[in-house]
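Residue 486 in this note's numbering sits at position 486 of the sequence shown; the count goes up by one each step and never skips. We put the CB at the ideal spot given by N, CA and C, even for glycine.
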Amino acid sequence: MAASIGSPFYCALQHGSCIILKKTLPCVTLRYMCRRSVTAQSGLLSSLNKRGILKCAFPETSAQNELPQLLQSGLQTVYCGFDPTADSLHVGNLLAIIGLLHFRSAGHNVIALIGGATAQIGDPSGKTSERERLSSDTVEANTSAIRESLHRIVSNHELIFHNSSKKLGTVTVLNNLAWYKNWNAVAFLSEVGRHFRMGTMLSRSSVQSRLKSAEGMSLTEFTYQLFQAYDFYHLNQNHNCKIQLGGTDQLGNLMSGHEFIHKLTGQEVFGLTIPLVTSTVGDKLGKTAGNAVWLNRDKTSPFELYQFFLRQPDTSVEQYLKLFTFLPLAELDRLMEQQREEPGKRLAHKRLAAEITKLVHGKEGLESAKRCTNALYHSNLQALEQMSDEELQELFRGAPFHELLQEPGTTVLDACRRAEAIPEGAKGYTMVSEGAVWINHNKTDSPEMVLIPGQHILANGLSLLRVGKKNFHIIKWINFHLKIPRGPIPNWRAKSSAPAREKDQPATNLCPKIKGHTAVQMKLLAAQT
1 MAASIGSPFY CALQHGSCII LKKTLPCVTL RYMCRRSVTA QSGLLSSLNK
51 RGILKCAFPE TSAQNELPQL LQSGLQTVYC GFDPTADSLH VGNLLAIIGL
101 LHFRSAGHNV IALIGGATAQ IGDPSGKTSE RERLSSDTVE ANTSAIRESL
151 HRIVSNHELI FHNSSKKLGT VTVLNNLAWY KNWNAVAFLS EVGRHFRMGT
201 MLSRSSVQSR LKSAEGMSLT EFTYQLFQAY DFYHLNQNHN CKIQLGGTDQ
251 LGNLMSGHEF IHKLTGQEVF GLTIPLVTST VGDKLGKTAG NAVWLNRDKT
301 SPFELYQFFL RQPDTSVEQY LKLFTFLPLA ELDRLMEQQR EEPGKRLAHK
351 RLAAEITKLV HGKEGLESAK RCTNALYHSN LQALEQMSDE ELQELFRGAP
401 FHELLQEPGT TVLDACRRAE AIPEGAKGYT MVSEGAVWIN HNKTDSPEMV
451 LIPGQHILAN GLSLLRVGKK NFHIIKWINF HLKIPRGPIP NWRAKSSAPA
501 REKDQPATNL CPKIKGHTAV QMKLLAAQT
């Protein structure tokens with residue numbers, strides 16, 4: 001959050017699970033006072049306030065009256081920016097997207113601005129050190145991935161959650177590289193830089209905190225607020241955009257945009273801040289903090305996203321339902337009443353996890369998350385055999401994935417050794433016989449038992465092998481065809497031959513590992529060799 005020197009300044013700060021007001025340094029102009037919320041009772045602003053999505057609005061003197069009038073006077077354009085510093089957005093960005101979707105549902109047009117140019121500069125807000133420089137190719141790839149993610153979430157919202165007869169506003173995804181690529185440094189500083197005062201720029205809290213640190217602040221980062229201010233100006237001039245959304249840590253940048261537009265055009269534009277989503281220990285849920293839960297499936301699966309919100313503490317679930325879902329407030333009240341009457345059923349947690357998973361990954365993603373949940377936590381074999389290879393690899397990230405030939409007479413010991421899940425020799429045999437091996441959630445203590453279709457090998461040709469508590473292996477029997485014998489299943493046994501891997505047998509592949517924080521908090525160890 002930014003503050004300037006001059007007059008009292010108020011803004012929302014996170015304190016535990018509560019949002020409180022804190023008085024900071026006074027700021028230069030009285031206009032930049034920030035209140036706890038917008039009190040005007042326009043329908044949209046009132047709803048966003050009740051949900052806790054809006055924390056501050058500025059300039060204070062005009063936001064109280066002119067902003068509601070502006071929204072009621074006709075369709076407006078609202079924008080929020082996302083710098084592509086990674087190849088996926090994370091759950092910390094999700095609330096900003098939801099804020100845009102609320103405006104769209106009210107009929108206003110929204111712009112999601114991807115910072116293909118500003119990502120190469122680096123926003124210092126909320127950061128303790130400078131970002132690593134990104135190559136142009138990396139930024140381009142990240143931009144493409146984020147664009148796809150934004151389109152997917154917008155589409156899911158329109159198909160699943162928009163039940164009103166009111167016409168939706170438009171959604172435009174832009175890249176600010178489009179208007180910076182033809183600028184040179186001299187022209188930009190000459191035309192834009194002259195409108196910014198050093199004293200005001202230095203007074204921003206994002207700058208002050210870095211200047212006082214041991215690392216300091218680079219000139220590149222210092223100029224970031226110029227670029228974000230110009231983005232707002234460009235969208236104002238070309239798309240008639242008068243409202244910008246941003247996290248509370250973006251307040252200084254939003255102020256710079258307001259000042260710049262007001263100096264050049266005399267127009268009154270507005271900034272709205274939304275709360276930062278924090279972890280249970282108060283850390284910002286961002287990728288820099290190393291605990292990100294991503295919005296792209298290849299980094300955080302639907303199951304992991306579902307579990308992340310399912311495991312939120314009871315003290316957070318009502319707040320998160322208001323922030324992250326589109327459920328009517330009256331329905332939320334009824335849901336919380338049911339939660340208080342029967343807390344053991346965790347109805348509110350399940351609804352929260354389901355609503356967010358549908359928004360991010362669609363109905364298919366939610367079904368996938370439920371299948372994985374049933375397979376892992378409820379030992380549901382039907383769910384396990386209905387899972388695709390992709391879902392298995394997502395569920396057991398880091399677990400070795402083996403493609404093996406199923407041969408007649410293959411025993412439990414054979415399967416374990418060919419998957420390299422147990423040591424060779426007597427030690428491996430003992431591990432199986434003492435019950436350290438589980439196949440498809442069933443303990444297996446007979447090393448010489450022949451693999452039984454329908455029990456050890458599921459209908460989809462897969463076997464989930466676990467050694468100990470956390471060492472998972474996934475086996476796909478590539479030539480398997482399920483033929484379950486009629487009558488009682490015999491207790492087949494055979495002498496273990498532990499055949500060596502055939503020359504043409506595919507080698508073991510490792511599933512990709514997720515980087516950073518995952519909601520499941522499960523460490524899947526590689527097999528001992």
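Comparing alpha-carbon positions, which option in the options lies nearest residue i?
i	options	result
Glu318	Gly193, Thr77, Lys350	Lys350
Asn296	Arg466, Glu148, Ala112	Glu148
Ser316	Thr357, Val277, Ile457, Leu177	Val277
Arg371	Glu355, Ile356, Leu395	Leu395
Leu352	Pro59, Pro313, Gly252, Thr172	Pro313
Arg334	Ala348, Gly344, Leu94, Phe326	Ala348
Leu226	Thr200, Tyr429, Lys358	Thr200
Ser388	Leu405, Tyr377, Val91, Gly365	Gly365
Arg133	Asn184, Ala86, Gly74, Asn238	Ala86
Ala178	Thr118, Gly216, Asn236, Ser190	Thr118
Leu89	Ser136, Arg152, Leu67	Arg152
Ile475	Leu392, Pro59, Ser446	Leu392
Asp231	Phe188, Glu337, Glu215, Ser218	Phe188
Asn93	Gln64, Ser135, Pro59, Leu150	Leu150
Lys363	Thr220, Glu158, Leu211, Glu342	Glu158
Suppose you measure from the CA of residue i to the CA of residue j; what does that come to, to the nearest Å?
i	j	result
Gln339	Arg346	6 Å
Thr373	Phe303	7 Å
Thr138	Gln69	43 Å
Phe532	Ala141	With the chain covering 1 to 529 only, the question about residue 532 has no answer from this structure.
Leu168	Leu44	14 Å
Lys55	Leu101	17 Å
Arg311	Pro408	44 Å
Lys469	Trp438	9 Å
Phe196	Phe260	8 Å
Trp294	Val450	42 Å
Glu367	Gln250	36 Å
Phe270	His258	7 Å
Val192	Val207	19 Å
His108	Thr170	7 Å
Lys427	Glu448	15 Å
Ser105	Glu434	60 Å
Phe309	Val186	48 Å
His378	Asp123	44 Å
Phe480	Val467	23 Å
Arg417	Asn471	14 Å
Glu66	Gly74	13 Å
Leu71	His162	20 Å
Leu202	Ser209	10 Å
Asn156	Glu337	28 Å
Ser301	Thr61	45 Å
Using a Cβ-Cβ cutoff of less than 8 Å, which residues in the same chain neighbour residue i once the five nearest sequence positions on both sides are dropped?
i	result
Gln521	With a pLDDT of 30 at Gln521, under the threshold of 50, the modelled position of this residue cannot be trusted; read the value that follows with caution. The answer is none, since no qualifying residue turns up.
Arg51	Lys322, Leu323, Leu329
Ala96	Cys80, Phe82, Leu245, Gly246, Gly247, Ile274
Leu327	Leu321, Leu335, Arg351, Glu355
Tell whether a beta-carbon distance below 9 Å holds between residue i and residue j.
i	j	result
Val78	Ile111	yes
Asn537	Gln386	For residue 537 there is no data in the structure shown, the boundaries of the chain being 1 and 529.
Gly99	Ile53	yes
Leu359	Trp477	no
Lys242	Glu268	yes
Val412	His361	no
Gln237	Thr265	yes
Thr223	Ile121	yes
Leu332	Leu458	no
Can you list, in chain order, the residues of its chain whose CB lies under 7 Å from that of residue i, leaving out five sequence neighbours each side?
i	result
His473	Ala399, Pro400, His402, Ala419, Ala421, Leu465, Ala527
Thr143	Pro84, Ile114, Gly116, Asn175
Met1	Any reading at Met1 needs caution, since the residue's pLDDT is 32, under 50, leaving its predicted position unreliable; the model's value is listed next. Hits under 7 Å: Cys11, Ser205, Thr248, Asp249, Leu251.
Leu48	Leu54, His102
Leaving aside the five residues before and after residue i along the sequence, list all residues of the same chain whose C-beta is less than 6 Å from its C-beta, in chain order.
i	result
Met431	Ile422
Ala229	Ser256, Gly257, Phe260
Glu355	Thr325
Val383	Note that residue 383 corresponds to Ala in the displayed sequence, not to Val. Taken in chain order, the residues that qualify are Arg371, Asn374, Ala375.
Asn240	Thr77
Leu254	Gln244, Gly246, Gly271
Ala369	Pro302, Phe303, Tyr306, Thr357
Thr172	Ile111
(request) Report the residue ranges of all alpha helix (DSSP H) runs contained in full by the stretch 138-188; include only those spanning at least 4 residues, in chain order. (result) Listed in chain order, they are 177-180.
(message) Report the start-end ranges of each beta strand (DSSP E) in the stretch 367-439 that is 3 residues or longer and not cut off at the edges.
(response) 400-404, 437-439
(message) To test your reading of the DSSP string, which unbroken alpha helix (DSSP H) runs of 4 or more residues are found completely within the stretch 68-137?
(response) 91-105
(message) For a minimum of 4 consecutive residues, which ranges assigned as the alpha helix (DSSP H) are wholly contained in the stretch 289-319?
(response) Complete alpha helix (DSSP H) runs here, min 4: 302-310.
(message) Suppose only complete runs of 4+ residues qualify. What are the alpha helix (DSSP H) ranges in the stretch 210-237, listed by chain order?
(response) 219-222
(request) Could you pull out every unbroken alpha helix (DSSP H) segment of at least 4 residues lying fully inside the stretch 433-475, listed in chain order? (result) none
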